[in-house]
Every structure is written in C-alpha cells, then in structure tokens.
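Participant:
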Amino acid sequence: MKKRYNKKAVERLRRKIRDKNSPPPQNRTKRPMSSLEQVVADMLDDLKIEWEREVPLKYLQGYRYYDFKLIGYNVLLEVDGAYYHDKRDKPSYVIMMAKRNDYLKNWIAKKEGYELIRIKEQQLKEEYNAVVQNISLVVSKEGEQNE
Numbered sequence: 200m201k202k203r204y205n206k207k208a209v210e211r212l213r214r215k216i217r218d219k220n221s222p223p224p225q226n227r228t229k230r231p232m233s234s235l236e237q238v239v240a241d242m243l244d245d246l247k248i249e250w251e252r253e254v255p256l257k258y259l260q261g262y263r264y265y266d267f268k269l270i271g272y273n274v275l276l277e278v279d280g281a282y283y284h285d286k287r288d289k290p291s292y293v294i295m296m297a298k299r300n301d302y303l304k305n306w307i308a309k310k311e312g313y314e315l316i317r318i319k320e321q322q323l324k325e326e327y328n329a330v331v332q333n334i335s336l337v338v339s340k341e342g343e344q345n346e
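In my numbering, the protein residues as written are 200 to 346.
(1) Here's a check: name, in chain order, each residue in its chain whose Cβ is nearer than 7 Å to the Cβ of residue 317, leaving out the five neighbours to either side.
(2) Specify the secondary structure class of residue 270 as computed by DSSP and reduced to three states.
(3) Is it buried or exposed, residue 209, if we count other Cβ atoms within 10 angstroms and call 16 or more buried?
(4) Could you tell me the alpha carbon to alpha carbon distance between residue 242 and residue 250, rounded to whole angstroms?
(5) Which ranges does the beta strand (DSSP E) cover as unbroken runs of at least 3 residues, wholly within the stretch 223-261, from first to last along the chain?
(6) Please report the straight-line C-alpha distance between residue 301 and residue 206, rounded to a whole angstrom.
(7) For the beta strand (DSSP E) containing residue 314, name the first residue and the last one.
(8) Report, in whole angstroms, the separation of the C-beta atoms of residue 267 and residue 256, which I expect to be a contact under 8 Å.
(9) Helix, strand or coil for residue 341 per DSSP?
(10) Apart from the five residues on each side of it in sequence, which residues of its chain come closer than 8 Å, Cβ to Cβ, to residue 323?
(11) Are the Cβ atoms of residue 304 and residue 252 separated by less than 9 Å?
(12) Could you say which of 328, 214, 337, 321 lies nearest to residue 261 if we only look at CA atoms?
(13) Kindly give me the distance between the Cβ atoms of residue 313 and residue 273, rounded to whole angstroms, as I take these residues to be in contact under 8 Å.
(14) For the candidate residues 325, 319, 315, whose alpha-carbon lies nearest to that of residue 337?
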C-alpha cells in the first residue's frame, strides 16, 4: 500500500529540502557605507555601543539585510534615506516597493524577536540629539530587561 501524505507533511518535507539547499548569506559587511550609515556608526561609537553591519535574517527563499545590529541587545537599526522613502518626484511603483520592503523587514524583525528602530534621513539631519536619546533609551530599557 502506498504511503499517503497530508498537506502539512508535504510542507515539512519541502521546508527540510529548502533549508538544506539554501545557500549561506552573503558577506555584505565590506560593502561601502552610505553617508547616513556612517553618521549612525559614528553615533553608536560615541555612545560606546558595539554594533554589526549588514546583518542577515532568514526569510523564505533568502535573506533580508538590516543596516545595524546592536551587539548584546535585541535591537536592529534601519537608516531610511530620502531617495527611496521620500514621496516627491518618484513614480508610485518605487514608493510602493520601498513600503513593501519596509513592512516585510518590520515583520521579520518582530518575528525573530528584535526591536527595529527606523531612522529617517530628515530626522538624522534635523533632530540628531533626539535620535541619540531614542537609541540610548531603547538600549537602557533592553539592558534592564536582560539583567
């Protein structure tokens, strides 16, 4: 008699095969930083917070990369430049794809147990001290929870 599989069993088998065959994430840490990412890196260094760049989190067929991960904390940072996240003079398709990518990254970070902080270019330029204060607050809150 042939063995029958239900939908859940088939999906488990597919997932096993997919996980075995999935390539490891690319090493994107040598990619040059944008000027905004450099500002955030300097800010984190001034706050004496250790960080990693271009951190991959697994998602279905591949990986999504986050700009910074704060080492020792469950915090990810994304720097949103005005080029893709500003609505002026952009076709609606570009804005739609940027929003889709942002929602997806927010969901993956939350699913994996990370707090995601998004830093907009305008915020970084106009409200630098508020951004520093926000990061300090999140790190101190995370530190209290870990103790």
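Glycine is no exception: its CB is placed at the ideal position from the N, C-alpha and C atoms.
Facilitator: If we stick to the structure as given:
(1) Walking along the sequence shown from the start, residue 317 turns up at place 118. 277, 279, listed in sequence order.
(2) As a working mapping, residue 270 is identified with position 71 in the sequence shown. Reduced to three states, the DSSP call for residue 270 is coil.
(3) Numbered from 1 along the sequence shown, position 10 holds the residue referred to as residue 209. Exposed, since its Cβ has fewer than 16 Cβ neighbours within 10 Å.
(4) Within the sequence shown, numbered from 1, the residue matching residue 242 stands at position 43. Within the sequence shown, numbered from 1, the residue matching residue 250 stands at position 51. Going from the Cα of residue 242 to the Cα of residue 250 covers about 11 Å.
(5) 250-258
(6) One-based indexing of the sequence shown puts residue 301 at position 102. One-based indexing of the sequence shown puts residue 206 at position 7. Cα to Cα, the separation comes out at about 31 Å.
(7) What you label residue 314 is simply residue 115 of the sequence shown in a count that begins at 1. Residue 314 -> beta strand (DSSP E) spans 314-319.
(8) Counted from its first residue, the sequence shown places residue 267 at position 68. Counted from its first residue, the sequence shown places residue 256 at position 57. That pair is no contact at about 13 Å.
(9) For the purposes of this step, residue 341 is identified with residue 142 of the sequence shown, where counting begins at 1. Note: residue 341 maps to helix in three-state DSSP.
(10) Counting from one through the sequence shown, the residue named residue 323 turns up at place 124. Excluding residues within five positions, the ones whose Cβ falls inside 8 Å are 235, 238, 239, 278, 330.
(11) Here residue 304 refers to the residue found at position 105 when the sequence shown is read from its first residue. Here residue 252 refers to the residue found at position 53 when the sequence shown is read from its first residue. The answer is no: Cβ separation not under 9 Å.
(12) Here the question's residue 261 lines up with position 62 in the sequence shown. Comparing Cα-Cα distances from residue 261 to each of 328, 214, 337, 321, the minimum goes to 214.
(13) As a first step, residue 313 must be located in the sequence shown, where it is residue number 114. As a first step, residue 273 must be located in the sequence shown, where it is residue number 74. Rounded, the Cβ-Cβ distance is 5 Å, consistent with contact.
(14) Taking the sequence shown and counting its residues from 1, the one referred to as residue 337 is at position 138. Relative to the Cα of residue 337, the nearest Cα in the group 325, 319, 315 belongs to 315.
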